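Notes follow once the structure below has been shown.
Residue numbers (the numbering used here), protein chains in the order written: chain A, -2 to 118; chain B, 3 to 162.
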């Protein structure tokens, strides 16, 4: 599964956010934040691991999970670009339309000189 | 495993639907606002009817540094055209002069709703080659680095 698909699932997204906020955590610490069973959580961890969104280190008996920043940064940048592009586009469209409106309003008030107040919308 | 991914953007524009529709369907007007910062639109073709072509080329300007002069075409077809209320197209975007690894396939669905004389525009983008698209986008164009993970999560959703 690609990284984007892996982290799109809400529970897995929550795991990613936990790791982002708290740093490294053991499987049982992660499971402590979920209602669902331990096996369900470890299945999610397994998917995240296979998608290279997290990596695991062993300390004695414990498995410690940490974020794997590389693929997450790639995704972040990609989504940022997509978002950024559309936000900028809409900003430009917005200012094009409002400039036009301002121009036509000032024309109106010019031509309606003498009348009481141009229409306000 | 390839899955679809969606991102959605909304904006309320201070103009009636008729005006906003025109801004989206007249190629001259589209060319005015389509390019993000530091990007111009040297070519823009909008044959707004079902099966008609949409073809827009973005050209990186001076301020894009190493990308300057790069052309990013997008070509596709309109699949839904409901005057004043909906515009849907499927398209492929790529980096000119580079291979298929730069391709991004997407469905873009734009709806227009009247809100007391203003217009709410909703843009829903479905990326249909999500397994390769993030890499493609990175190779073609990357000029932003500050998004937080929470925001990332907000924009990521699996299409079931």
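Where a beta carbon is used, it is the ideal one built from N, C-alpha and C, also for glycine. Model, not experiment: these values are computed from the prediction.
Residue i touches chain B at which residues, Cβ-Cβ below 7 Å?
{"i": "residue 95 of chain A", "result": "16"}
{"i": "residue 58 of chain A", "result": "Within chain B, no residue comes near residue 58 of chain A; the closest Cβ sits about 30 Å away, beyond 7 Å."}
{"i": "residue 86 of chain A", "result": "35, 36 and 38"}
At 8 Å on the CB atoms, spell out the chain A contacts of residue i, in chain order.
{"i": "residue 56 of chain B", "result": "Under the 8 Å cutoff, chain A gives no residues; its nearest Cβ is about 14 Å from residue 56 of chain B."}
Shorter than 8 Å from the beta carbon of residue i to some beta carbon of chain B?
{"i": "residue 80 of chain A", "result": "yes"}
{"i": "residue 19 of chain A", "result": "no"}
{"i": "residue 89 of chain A", "result": "yes"}
{"i": "residue 98 of chain A", "result": "yes"}
{"i": "residue 46 of chain A", "result": "no"}
Which residues in the same chain have their Cβ closer than 8 Å to the Cβ of residue i, if we skip the five residues on either side of it in sequence?
{"i": "residue 141 of chain B", "result": "Note that residue 141 of chain B scores a pLDDT of 41, beneath 50, so its modelled location is shaky; the value from the coordinates is reported in the next line. 97, 100, 103 and 104, listed in sequence order."}
{"i": "residue 32 of chain B", "result": "25, 26, 43, 46, 48 and 58"}
{"i": "residue 22 of chain B", "result": "15, 114, 121 and 123"}
{"i": "residue 36 of chain B", "result": "43, 46, 58 and 60"}
With a threshold of 8 Å between beta carbons, is residue i in contact with chain A?
{"i": "residue 9 of chain B", "result": "yes"}
{"i": "residue 141 of chain B", "result": "For residue 141 of chain B, the pLDDT reaches just 41, beneath the cut-off of 50, and the residue's location in the model is therefore unreliable, although a value from the coordinates is still provided. Judged by the 8 Å Cβ criterion, residue 141 of chain B is not in contact with chain A."}
{"i": "residue 13 of chain B", "result": "yes"}
{"i": "residue 20 of chain B", "result": "no"}
{"i": "residue 95 of chain B", "result": "no"}
{"i": "residue 89 of chain B", "result": "no"}
Going by C-alpha distance, which of the options is nearest residue i?
{"i": "residue 73 of chain B", "options": "B:14, B:32 and B:46", "result": "B:46"}
{"i": "residue 53 of chain B", "options": "B:79, B:75, B:71 and B:60", "result": "B:79"}
{"i": "residue 37 of chain A", "options": "A:62, A:21 and A:8", "result": "A:8"}
{"i": "residue 49 of chain A", "options": "A:41, A:97 and A:56", "result": "A:41"}
{"i": "residue 24 of chain A", "options": "A:67, A:56, A:87 and A:81", "result": "A:56"}
{"i": "residue 8 of chain B", "options": "B:110, B:117, B:75 and B:28", "result": "B:110"}
{"i": "residue 29 of chain A", "options": "A:91, A:96 and A:12", "result": "A:12"}
{"i": "residue 21 of chain A", "options": "A:60, A:93 and A:90", "result": "A:60"}
{"i": "residue 86 of chain B", "options": "B:131, B:28 and B:10", "result": "B:28"}
{"i": "residue 95 of chain B", "options": "B:125, B:131 and B:13", "result": "B:131"}
{"i": "residue 91 of chain B", "options": "B:125, B:116, B:37 and B:60", "result": "B:125"}
{"i": "residue 116 of chain B", "options": "B:88, B:129, B:60 and B:50", "result": "B:88"}
Can you list, in chain order, the residues of its chain with a C-beta nearer than 7 Å to that of residue i? Leave out the 5 residues immediately preceding and following it.
{"i": "residue 67 of chain B", "result": "none"}
{"i": "residue 147 of chain B", "result": "Note that residue 147 of chain B scores a pLDDT of 25, beneath 50, so its modelled location is shaky; the value from the coordinates is reported in the next line. Result list for residue 147 of chain B: empty, nothing under 7 Å."}
{"i": "residue 17 of chain A", "result": "64"}
{"i": "residue 156 of chain B", "result": "Model confidence at residue 156 of chain B stands at a pLDDT of 39, short of 50, so the residue's coordinates are unreliable; what they give is reported in the following sentence. Cβ neighbours of residue 156 of chain B beyond the five flanking positions: none."}
{"i": "residue 163 of chain B", "result": "A query on residue 163 of chain B cannot be resolved here, the shown segment of chain B reaching from 3 to 162 and no further."}
Leaving out five residues on either side along the sequence, give the residues of the same chain with a beta carbon under 6 Å from the beta carbon of residue i.
{"i": "residue 174 of chain B", "result": "Chain B is shown only over 3 to 162; residue 174 of chain B falls outside these bounds and no answer can be derived."}
{"i": "residue 20 of chain B", "result": "none"}
{"i": "residue 84 of chain B", "result": "none"}
Below 7 Å on C-beta distance, what does residue i contact in chain A?
{"i": "residue 125 of chain B", "result": "83"}
When the cut-off is 8 Å and only beta carbons count, does residue i lie next to chain D?
{"i": "residue 66 of chain B", "result": "In the structure shown, chain D does not exist; the protein chains are A and B."}
Exercise. Give the residues from the stretch 33 to 64 of chain B that approach chain A closer than 7 Å (Cβ to any Cβ), ordered along the chain.
Key: Only those residues of the stretch 33 to 64 of chain B whose C-beta falls short of 7 Å from the nearest C-beta of chain A are listed: 34, 35, 36, 38 and 39.
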